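K.L.:
I'd like to ask you about the structure that follows.
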Amino acid sequence: MNWPKDLKSKPKKNRFFPIRFGDAVKAVKDLNLIQYDGSRIAIRMENIEDECVNGFPLFDLVPEEELAIFSLSDSLIELAAPNAIMMALTKASKLTVKPKDHIHNSYFSAYINLENTVVIARVDRTCKLKRYRGDDKLKNARYVGSSTNEVVLETFGV
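Just so it is clear: in the sequence shown, position 36 is 36 by full-length UniProt numbering, and no numbers are missing.
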């Protein structure tokens, strides 16, 4: 059996995780977020300090692979964060992504802003392959870049 590779991190100074690791494991099991082989998806707790267009990142959910939970700044209301992440995770777990192949990949991201509004978005990534000559094999083509398209699916208040 292939066990998930979890990453438990401690929050940096002046930051906090919106949910404890044990609560994240329980939520993943309750929402039936599993990998291809039937085991639960991997959970990563990461420290990032970037603010995106939609707000501060809560989590990234790659269906059937992993859940990455991001730390938040102390300037956000700490009481609303656990409720926000549970509501967003419940809604994102019911969504489906486009089928993926070696060029296309999709996942879900959730953001929270200072007005306690949560945004759920689907991120579509496309890799571009280098052109190859007629007698070259496709498997020899190398990736030369990628593009990302983010589509807002749902917005709700906490």
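Glycine is no exception: its CB is placed at the ideal position from the N, C-alpha and C atoms.
Predicted model only: the values in this text are computed from it and were never measured.
Could you check the C-alpha separation between Glu64 and Asn149 for me, to the nearest Å?
P.N.:
The count along the sequence shown starts at 1 and reaches residue 64 at position 64. The count along the sequence shown starts at 1 and reaches residue 149 at position 149. For Glu64 and Asn149, the distance between alpha carbons rounds to 21 Å.
K.L.:
Give me, in chain order, the residues of the same chain whose beta-carbon lies closer than 7 Å to that of Ala92; leave out the 5 immediate sequence neighbours on both sides.
P.N.:
Residue mapping note: residue 92 aligns to position 92 of the sequence shown, counting from 1. Contacts found: Leu61, Phe108, Ala110, Ile120.
K.L.:
Assign Val118 to one of three DSSP states: helix, strand, or coil.
P.N.:
If you number the sequence shown from 1, residue 118 lands on position 118. Residue state, collapsed to three classes: strand.
K.L.:
The beta strand (DSSP E) with Ile43 in it runs from where to where?
P.N.:
Residue numbering aside, residue 43 sits at position 43 when the sequence shown is read from its first letter. Run containing Ile43: 42 to 46, per the beta strand (DSSP E) assignment.
K.L.:
So, for Lys98: in the same chain, excluding its five sequence neighbours on each side, which residues have a beta-carbon less than 8 Å away from its beta-carbon?
P.N.:
Start at 1 with the first residue of the sequence shown, and residue 98 comes out as number 98. Same-chain partners within the cutoff: His104, Ser106, Asp124.
K.L.:
Name the two residues that bound the continuous beta strand (DSSP E) containing Val62.
P.N.:
On the sequence shown, residue 62 is found 62 positions in, with the first residue counted as 1. Looking at the DSSP string, the run of the beta strand (DSSP E) that includes Val62 is 56 to 62.
K.L.:
Measure from the alpha carbon of Phe70 to the alpha carbon of each residue in Leu76, Met87, Leu79, Leu58, then state which is nearest.
P.N.:
Walking along the sequence shown from the start, residue 70 turns up at place 70. The shortest C-alpha separation from Phe70 is found at Leu58.
K.L.:
Between Ile77 and Gln35, what straight-line distance do the alpha-carbon atoms span, to the nearest angstrom?
P.N.:
Start at 1 with the first residue of the sequence shown, and residue 77 comes out as number 77. Start at 1 with the first residue of the sequence shown, and residue 35 comes out as number 35. Each residue's Cα considered, the two are about 33 Å apart.
K.L.:
Distance check for Met45 and Ile112, CA to CA, integer angstroms please.
P.N.:
Within the sequence shown, the letter at position 112 stands for residue 112. Within the sequence shown, the letter at position 45 stands for residue 45. One C-alpha to the other measures close to 17 Å.
K.L.:
Using beta-carbon positions only, say whether Ala80 and Asn116 come within less than 9 Å of one another.
P.N.:
The sequence position of residue 80 within the sequence shown is 80, counting from 1. The sequence position of residue 116 within the sequence shown is 116, counting from 1. Yes, Cβ-Cβ distance for Ala80 and Asn116 is below 9 Å.
K.L.:
Take the Cβ of Leu114 as the centre, count every other Cβ of all protein chains shown within 10 Å, and call the residue buried at 16 or more, exposed below.
P.N.:
As a first step, residue 114 must be located in the sequence shown, where it is residue number 114. The residue is exposed, with fewer than 16 neighbouring Cβ atoms inside 10 Å.
K.L.:
May I ask you to report which of helix, strand or coil DSSP gives Met1?
P.N.:
Translated into the one-based positions of the sequence shown, residue 1 becomes position 1. Summary for Met1: the model assigns pLDDT 48, below 50, so the residue's position carries little reliability; its value from the coordinates is reported in the next sentence. Three-state DSSP puts Met1 in coil, outside helix and strand.
K.L.:
Do Val28 and Leu67 have their C-beta atoms within less than 9 Å of each other?
P.N.:
As a position in the sequence shown, residue 28 is number 28, starting the count at 1. As a position in the sequence shown, residue 67 is number 67, starting the count at 1. Yes.
K.L.:
Can you pull the DSSP bridge partners for Gly145?
P.N.:
Counted from its first residue, the sequence shown places residue 145 at position 145. For Gly145, which the question treats as bridged, DSSP gives the partners Lys128.
K.L.:
With a threshold of 16 other CB atoms inside 10 Å of the CB of Arg20, please say whether the residue is buried or exposed.
P.N.:
Taking the sequence shown and counting its residues from 1, one reaches residue 20 at position 20. With fewer than 16 Cβ atoms within 10 Å of its Cβ, Arg20 is classed as exposed.
K.L.:
Go ahead and label Asn54 buried or exposed: buried means 16 or more other beta carbons lie within 10 angstroms of its beta carbon, across all protein chains shown.
P.N.:
Here the question's residue 54 lines up with position 54 in the sequence shown. Counting Cβ neighbours within 10 Å, Asn54 comes out buried, since at least 16 surround it.
K.L.:
Helix, strand or coil: how does DSSP classify Gly157 here?
P.N.:
Walking along the sequence shown from the start, residue 157 turns up at place 157. Correct three-state label for Gly157: strand.
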